[in-house]
Amino acid sequence: MSEFFPGVPKIAYEGPKSKNPLAYKHYNPDEVVEGQKLRDLLRFSVCYWHTFRGTGSDPFGSATLQRPWDDGSNSVENAIKRVDAAFEFIGKLGAPFYCFHDRDIAPEADSLRETNKILDAVVKKLKEKQGETGIELLWGTANLFSHPRFMHGAATSCNADVYAFAAAQVKKAIEVTHELGGVNYVFWGGREGYMNLYNTDLNRELSHLAHFMHQAHEHAKSIGFKGQFLFEPKPKEPTKHQYDFDAAACLNFIGRHGLDGIVKLNIETNHATLAGHTMMHELEYARIHNALGSIDANTGDLLLGWDTDQFPTDIYLTTQIMLVILKQKGLAPGGVNFDAKVRRESFEPIDLFHAHIGGMDAFARGTKIAAKIRADGVLDKFVQQRYRSFDSGIGKKIDDGKATFAELEKYMLEKGEAAANESGRQEYLENVINDYLE
Ligand code: XLS
Ligand code: NI
Ligand code: NI
């Protein structure tokens with residue numbers, strides 16, 4: 003079997019003292035944290051696009067990545083062979099899930115009918131490999147951004163035929179996701195946004211996008227697909243104004259168009275950064291709206307202003323992420339998908355292992371640290387204490403929605419001045435968190 007990654011064993015957990023770069027130091031899938039095995043809590047997923055379709059090309063240069071199993075052609079044989087390489091990789095890594103765009107797994111032909119036929123052939127192969135290995139599909143999606151037909155967008159294109167094409171493509175993508183037992187379906191439009199308002203009917207585009215999502219959901223119901231729909235915020239690239247700018251913008255869209263409870267969010271770290279937010283902010287914002295569905299785990303380079311999609315290795319970051327995720331007892335049916343790519347300088351196949359092992363270990367560590375912080379209740383206690391003026395008296399009345407402005411005025415006129423403020427103790431709390439990062 004070891005045809006594509008010769009010499010790489012199944013990656014095992016060896017503990018923090020191990021010096022073996024091809025072993026987990028912190029991710030022990032069977033370790034129980036807050037009542038769940040790490041395998042089930044984290045639900046790691048390998049993405050097909052960066053990991054099996056990435057070439058290392060950038061705006062200044064061509065492909066660098068060595069992928070000996072891939073002949074670089076658009077043939078169906080090549081796509082099928084890639085499936086074998088992918089499943090060998092995911093299996094050796096021990097990740098329970100993977101995910102894809104339709105066009106990652108199978109090439110596009112000259113007509114939609116032919117393209118769908120090719121897709122079916124590759125899906126058949128994927129289904130076989132899933133059966134053989136037990137690896138499951140976390141989510142599927144459709145690539146509605148690479149082909150030139152999507153130059154004006156897909157569901158928000160000014161060209162009705164392009165809208166129809168996108169609808170046909172998403173219909174099929176949901177069907178193959180269902181066929182493969184996928185548990186989520188992601189909308190990342192890519193080109194759903196605009197470059198210039200002079201040529202854009204903003205209201206019309208947004209209502210088309212909403213209608214598109216409703217229709218996708220209707221179709222899913224009609225074929226018995228029960229997976230979770232996810233909308234992925236991303237503020238920049240490729241359009242100047244992306245409709246899915248951040249969690250708040252997406253939730254406004256969802257709420258305004260009757261998609262509450264139908265569509266949750268898939269939050270990506272690098273996209274949070276580009277929106278000028280922390281990942282923790284985006285997660286918490288989604289969570290309090292009962293919309294935190296899944297995450298794309300990666301990180302950006304703070305010195306570069308684009309979606310560099312690097313593997314997450316920062317323990318502060320993963321701790322903050324897990325502090326939020328543990329509040330809702332995990333992400334299922336969502337998971338932690340590595341929407342991340344190795345640098346073009348890391349061109350050997352083995353680098354794919356180093357990258358994923360590092361990301362999984364960073365998440366396992368962050369999970370354990372966050373669980374300790376939660377077990378001690380340091381943050382919870384502080385926050386509870388900080389808002390205690392709302393637990394009784396006038397504060398409780400405000401919280402219960404029973405205090406009118408007239409009543410509050412009367413209260414304050416009698417009292418004369420507000421009670422003294424207390425310190426927010428940010429630095430103290432930052433120190434406390436540091437104490438947990440052994
Ligand atoms: C691109 C997005 C993409 C989605 C899937 O920036 O993150 O990778 O996750 O379409
Ligand atoms: Ni993503
Ligand atoms: Ni991204």
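Converting from the sequence shown to my numbering requires adding 2 to each position, the first position being numbered 1.
Don't be surprised by glycine CBs; every beta carbon is placed ideally from N, CA and C.
Residue environment: L305 is assigned as exposed (fewer than 16 neighbouring CB atoms within 10 Å of its CB, all protein chains considered).
Residue pairing by DSSP places L24 in no beta bridge whatsoever. At least 7 Å separates the beta-carbon of N30 from that of Y50. Bounds of the alpha helix (DSSP H) holding I225 are L204 to I225. D73 has its Cβ no nearer than 6 Å to any heavy atom of ligand 1.
N339 places its beta carbon 7 Å or farther from that of D309. In this structure, the C-beta of E239 stays at least 6 Å away from each heavy atom of ligand 2. As the crow flies, the alpha-carbon of N161 is around 11 Å from that of A168.
Of all C-beta pairs linking the segment 366-376 to the segment 407-416, fewer than three are shorter than 8 Å, placing the two stretches out of contact. D309 has its Cβ nearer than 6 Å to a heavy atom of ligand 3. DSSP, reduced to helix, strand and coil, places Q171 within a helical segment of the structure shown. Put simply, the backbone Cα of F214 is about 30 Å away from that of I137. T53 carries a helical assignment under DSSP once its states are collapsed to helix, strand and coil. A straight line joining the alpha-carbon of E347 with that of Q68 spans about 11 Å. For W141, the shortest C-beta to heavy atom distance toward ligand 1 is 6 Å or greater. According to the DSSP secondary-structure assignment, G142 is paired through a beta bridge with F102 and Y187. In this structure, the alpha-carbon of T117 lies about 35 Å from that of A277. The beta carbon of E110 sits no closer than 6 Å to any heavy atom of ligand 1.
Screening all residues for a C-beta within a distance smaller than 5 Å of any heavy atom in ligand 2 leaves E270, D298 and D341, in chain order.
Going by C-alpha positions, T280 is about 28 Å away from P98. Secondary structure at A420: coil, using DSSP grouped into helix, strand and coil.
For G133, the enclosing alpha helix (DSSP H) stretches over residues L114 to T135. A299 is a Cβ neighbour of P314, given a cutoff of 7 Å.
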